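Everything below concerns the one structure shown next.
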Amino acid sequence: MSSREITEDDIESLAVGAWILGTGGGGNPYLSLLNMRVLYREGKRVQLIDAEDLGDDAYVAVIAGMGAPLVGIERLTDHRVFTRAAVFMEEHTRRRFDAVMGMEIGGGNGVRPLMVAANLGIPVVDSDTMGRAYPEAQMTSVAVGKLKPCPMTVVDVRGLEAVVETVPTWKWAERVGRKIVVEYGSTASTCQPPRTGAEVKKWGIHGTTTKAIAIGRAVREAQRTHDDPVAAILAVEPGKLLYRGKVVDVERRATEGFLRGVVRLEGMDDWRGSAMQIDFQNEWIVARRDGEPAAMSPDLICVLDSVSGEAVGTETIRYGQRVTVIALPGPDIFLTPEGLAHVGPRAFGYDLDFRSVFAS
Amino acid sequence: MRRIGIDVGGTNTDAVLIEDGKVVGAVKAPTSQDVTSGILDSLKKLGATGVLKGADGTPKKVDGVMIGTTHFINAVVQRRHLTKVAALRLGLPSGASLPPFCDWPEDLATLVRGGVWMVEGGHEYDGRPFMPLDEAAVLKAAQEMKAAGLRAVGISSVFSPLDPSHEKRAAELVASVIPDAAITCSSDLGRIGLLERENAGLLNAALADLSRDTIAAFEQAIRDSGIAAPLFITQNDGTVAEASQARRLPVYSFASGATNSMRGAAYLSGLSDAMVIDVGGTTTDVGQLKLGFPREANSVVKVGGVRTLFRMPDLLSIGLGGGSHVALDPLSIGPVSVGYRLVTDGIAFGGAQLTTTDVAVAAGILDLGDRTKVAHLDAATCARVFSEAARLAEEAVDRMKTEAGDVPLIAVGGGAFLIPEIMAGVSQVIHVEHGDCANAVGAAIAQVSGECDQIFKDMTRVEALAAAQEIANDRAAAAGADRTTLHTIESEDMPLAYLPGNSVRVRVRVVGDVAATA
């Protein structure tokens, strides 16, 4: 099994890159980063492996925090509780995990699998099931693959522990899981349905931790040398620069437990005179330029601070911010008809046919 | 109404007297090492102009002396005069892996961290208790603090902005063990975001001794000057707090200098919605006035390397000022400045460093120093330098604008001569009389505020806003505002993702005039 050690500097980069891959949602990884600094100071280290290195019958934990980011900044992320969610799953299924992976690379969840790996002394798989952040449990590659949607452990720091033992579909897993999370106070550590090595190899979205580290490293390096961080991202990722502008209007509303809304931008530089509007549902979903669709899920729409290159979230974006909008290619699995049924524009209520920014 | 406003800057201490809405006296004195003698000097200078005496020679009644100072933020940045703090967090079993001080720069943490105690307590986002407060553990912590000789205490609790009761109860318990404790509750500082709010509280606690001594010295300076008037300290949001309240919350004065300039600019120009550019000796601050107050930064602000989140103005600072170094080939201005050494190091004053002030003297815009010493700077060179300064200013103004159209820009500060009359994106550049002491004017006219920032559930938006407004009004009145003059200057609501029951977070801020003292 080939593996490489994730350095402390890699984790700093991962936090920046995961926030960018969060496409506006997923929560800022800062508190998860602080937890990792604590663990590394204690001498713990994390190894990163490729999905290809897993045996077909390897047993892989899928880690995710669920809840409202706002609650997460009061009830601070704790590495021990995430570890408990995985250990609880081991106890429940009477099987030891061989490795850990994340449900979503975008936002705080991009860093959390590392906490569990550090504590359990097992490697992190360089794969996830979203390739970005999405608001719901059925918006994953494993749901597209119709893999088993249970069991799931849901753990609260006070010792509240639940197992969602049997649900027929991923939508049910989302509904039942969400109810538990709300009762816990809208934040919980979860171990999602465990996967075998074969499943991860077939249905995982691969190389995403490495990708997040590379993006974060490019941004941090550009910040240090006072170069253009957006150009630095586009030098390491096959993305497209969509727009540069200024936020002139933010409209937010909470519906059905989601933060929905619209951000309007006014063009600067080469985009002077052109307007962009980006709709969001926790994450950026559809960008329109002068009324015409310019990018949409599952392509990643990343809104970045034009100066720092760091991600701007849908909860915190505000009037007057200078932002640059780039698109990154969506994971292949989501470009299939089945994938688009889960995360295409229609899954978010838009009567639009998916057209990729990257279609030639 | 007659008030004296004083701004203690890095270079000068400015004082103005405002009488019935007019600036009737304005003086500058050098800022002293000990701060307070500079204040006394400026008050004496103001007195020497005769404005504090009536026609018959008797002293006029002054309603208040409002002081804006950078003393407290400088203490944090320079790591001086800080007190060791006991941190008490109520929230276990949550957050145990990230204890208080966990994201502080090591040098500052070493100076301030007197000890860390975490006990059970705190609330949920919807007001349910997260865990019952472990009072026995609080008492035990207090005894350990006492044994360690700690007096300054910072108390934080999970979701305390929504329900401060655990913090308040813990404060009572600590005070019962350490009667002379200087306690800061994080809920007094507001915002949601435990680490950042806690950090602000710990910094505040670390300033307890300095705050007590400084404010006592300010009061002494006022008495020594022969003026009989209450002391107010200006706050980050452009309001004032009575000395007794300000003593408890020194962090609220961290950015008051820049705020005062903006408020003063609004007052002197008569505009309440405009951009303000305050050009000092070393830096230029750009901000936006809305309804006469600076727009607030709604995000994390680092102070001395510590992430904090509380009331601060949203400012952009660039390295442009009256003392900025100028290089001609290739042309560049700042960010390095000669600062207060302008009058010795500037070429027009016989020094060797070319500054923006020298260029202004050469161009005949300023009449300072010796113009013959800068005669070698021809008109074309001066024009190039001014156009570069204008470009820097234009870019800064554009970055801080929140609307597309042209907006009025008020230019204040000693370096305002660098701001041209015509700028891109600006409808009109307004230079005001007394603009060089806008900060002291802003201090003199400051009002009292109250704020509410919390989550409301199962209410209509209108009901939630009304409930928040009532809380804000009560807080303003408690801080010394005249209830009849209160009005809302900020009101925003934000629906919350994932939270059930139509949860909405509402923030309302009201201001009013200082209530007349009996």
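Protein chains in written order, with UniProt numbering: chain A, 1 to 360; chain B, 1 to 518.
Virtual Cβ for every residue (Gly too), placed ideally from N, Cα, C.
Keep in mind that this is a model prediction, so the values were computed, not measured.
- Going by DSSP, A:E42 is part of no beta strand (DSSP E) at all; its letter is neither H nor E.
- Under DSSP, B:S503 forms no beta bridge with any residue.
- Taking the Cα of A:M276 as reference, the smallest distance to any Cα among A:V303, A:N109 and A:V181 is reached at A:V303.
- The contact set of A:V155 on chain B, defined by CB atoms closer than 8 Å, is empty, because the minimum CB distance reaches about 12 Å.
- Cβ contact annotation for B:V361 (same chain, cutoff 7 Å, sequence separation greater than five): A348, L368, G369, R371 and V374, in chain order.
- Around the Cβ of B:T239, a 10 Å sphere holds 16 or more other Cβ atoms; the residue is buried.
- Following the DSSP letters along the chain, one finds B:Y267 inside the alpha helix (DSSP H) bounded by residues S256 to S269.
- Bridge pairing for B:Q428: B:P408 [DSSP].
- Judged by DSSP in its simplified three-state form, A:P337 adopts helix.
- Residues of the region 70 to 88 of chain A whose Cβ lies closer than 8 Å to any Cβ of chain B, in chain order: L70, V71, I73, E74, R75, L76, T77, D78, H79 and R80.
- The region 425 to 441 of chain B makes contact with the region 8 to 18 of chain B: 3 or more CB pairs, one atom from each, lie closer than 8 Å.
- Interface criterion not met: the Cβ of A:N119 is under 8 Å from no Cβ in chain B.
- DSSP lists A:V163 and A:C191 as the beta-bridge partner residues of A:T153.
- Fully enclosed beta strand (DSSP E) runs of no fewer than 3 residues occupy 448 to 456 of the region 444 to 482 of chain B, in order along the chain.
- Residues of the same chain with a CB within less than 7 Å of the CB of A:D10, apart from the 5 flanking positions on each side, are I213 in chain order.
- Beta-bridge annotation (DSSP): A:S3 is paired with A:I49.
- Of the candidates A:S32, A:A86, A:D269 and A:F354, A:A86 places its Cα closest to the Cα of A:G121.
- Contact residues of the region 127 to 142 of chain B toward chain A are R128, F130 and M131 (C-beta to C-beta distance below 8 Å).
- The residue among A:K202, A:K201 and A:V142 with its C-alpha nearest the C-alpha of A:A173 is A:V142.
- Between the alpha carbons of B:G414 and B:V343 lies a distance of about 14 Å.
- Residue contact check for B:T402 against chain A: a CB pair falls below 8 Å.
- Taking all protein chains in view, the Cβ of A:K246 is crowded by 16 or more other Cβ atoms within 10 Å, so the residue is classified as buried.
- Note that the C-beta distance between A:G131 and A:P113 is not below 8 Å.
- For the pair B:A87 and A:A188, the Cα-to-Cα distance works out to about 26 Å.
- Excluding five sequence positions before and after B:L173, the CB atoms of its chain that fall closer than 7 Å to its own CB belong to E135, V138, L139 and A142, given in chain order.
- At least one CB atom of chain B sits nearer than 8 Å to the CB of A:G320.
- Assignment of beta strand (DSSP E) within the region 56 to 110 of chain A, counting only whole runs of 3 or more residues, yields 59 to 67 and 99 to 102 in chain order.
- Under the DSSP definition of a beta bridge, B:S332 partners with B:A327.
- Pairing B:V462 with B:Q454, the inter-Cα distance amounts to about 15 Å.
- DSSP places B:K140 inside the alpha helix (DSSP H), whose first and last residues are E135 to A147.
- It is roughly 21 Å from the alpha-carbon of B:V62 to the alpha-carbon of B:R263.
- With a 10 Å radius around the Cβ and a threshold of 16 neighbouring Cβ atoms, B:V429 comes out buried.
- From the beta-carbon of A:N109, no residue of chain B is found nearer than 9 Å; the closest lies around 14 Å away.
- Counted as a single uninterrupted DSSP element, the stretch harbouring B:E296 is not any alpha helix (DSSP H), since DSSP gives it neither H nor E.
- By the Cβ rule, the region 305 to 322 of chain B counts as touching the region 275 to 289 of chain B, because three or more pairs are nearer than 8 Å.
- Straight-line measurement puts the Cα of B:P330 at about 19 Å from the Cα of B:T357.
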